[in-house]
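S.K.:
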Amino acid sequence: MSSFWNSGGEDVRQKIDYEADLPTGEGFEPLPDKTKVLALVTEAGIGEKDGDRYAFATLEIIKPAAYAKRKLFPRFWVYDDNPHAADKEKKRANDLKRFIKLDGACGGKLARKDGVPSNDDIALAFTGKQVIVQVMLMTPRPTEQNPNPDSVQWFADYWAKGQKEVPEVEASSKKVTKKPEYADDLDGDQVPF
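In this text, residue positions in the sequence shown follow the numbering used here: the first is 4, and each later residue adds one.
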């Protein structure tokens, strides 16, 4: 039996540039605090987690080039309360403000509509629009379960493309990824289930 990875008598895995083509598995470092990026909204709508609904957008960074193609995933708890928020009313009020700012940066279609925006309304209003996003860092308070919490990104403000300057930045040094060893651990007719 020939290998799945064999093409034209050659193991295609040998042609991969592991430093450029495959993720390190370590994730990305958060963007620096108060970074402004130009991003394209690639998806938007209403999501659900454990029965609680929120509005979301997926944004792909265009500029600065050092962060290009990275994605941002803002959520807006404007439908149901965030079950993890200490002050649910304050969280909803802040998310509603940020949601309306994103709407304004995308042309303000939702704010001009009467009633509660549907999944389709959000998708049509946001998807395909370029916006400037201010990315902030926040370090949660230490708890007994997590005495050294990692900083998390949040998205403080949104502007229409061209309203703010998005400066280029130096790219951080890329982490080196080791080339993985491949073991053919299945013999002929063995099926792993």
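Glycine included, every Cβ here is placed at the ideal spot set by N, Cα and C. These numbers were taken from a predicted model, which means no experiment stands behind them.
For E92, does the three-state DSSP call read helix, strand or coil?
M.R.: Helix, per DSSP.
S.K.: Does the Cβ-Cβ distance between D84 and K93 come in under 8 Å?
M.R.: No; because the gap between Cβ atoms is not below 8 Å, this pair is not in contact.
S.K.: Please report the distance separating the alpha-carbon of R56 from that of K112.
M.R.: Approximately 21 Å, taken between the alpha carbons.
S.K.: Below 8 Å on the Cβ atoms is my guess for Q156 versus V169; work out the distance and round it to an integer in Å.
M.R.: Rounded, the Cβ-Cβ distance is 17 Å, inconsistent with contact.
S.K.: Given a cut-off of 8 Å on the beta-carbon distance, is the pair F158 and P77 in contact?
M.R.: Against a cut-off of 8 Å, the Cβ pair of P77 and F158 comes out as a contact.
S.K.: State the Cα-Cα distance for the pair T142 and N151, rounded to the nearest angstrom.
M.R.: Approximately 9 Å between the Cα atoms of the pair.
S.K.: Per the DSSP calculation, T38 is bridged to which residue(s)?
M.R.: Bridge partners of T38: V138.
S.K.: For L25, which of helix, strand or coil comes out of DSSP?
M.R.: Because L25 sits at a pLDDT of 48, beneath the cut-off of 50, its placement in the model cannot be relied upon, and the point is left open.
S.K.: Roughly how many angstroms separate the alpha carbons of A89 and D106, rounded to a whole number?
M.R.: Using only the alpha carbons, I get a separation of about 26 Å.
S.K.: Check this for me: beta carbons of I103 and I49, under 8 Å apart or not?
M.R.: No. Outside cutoff.
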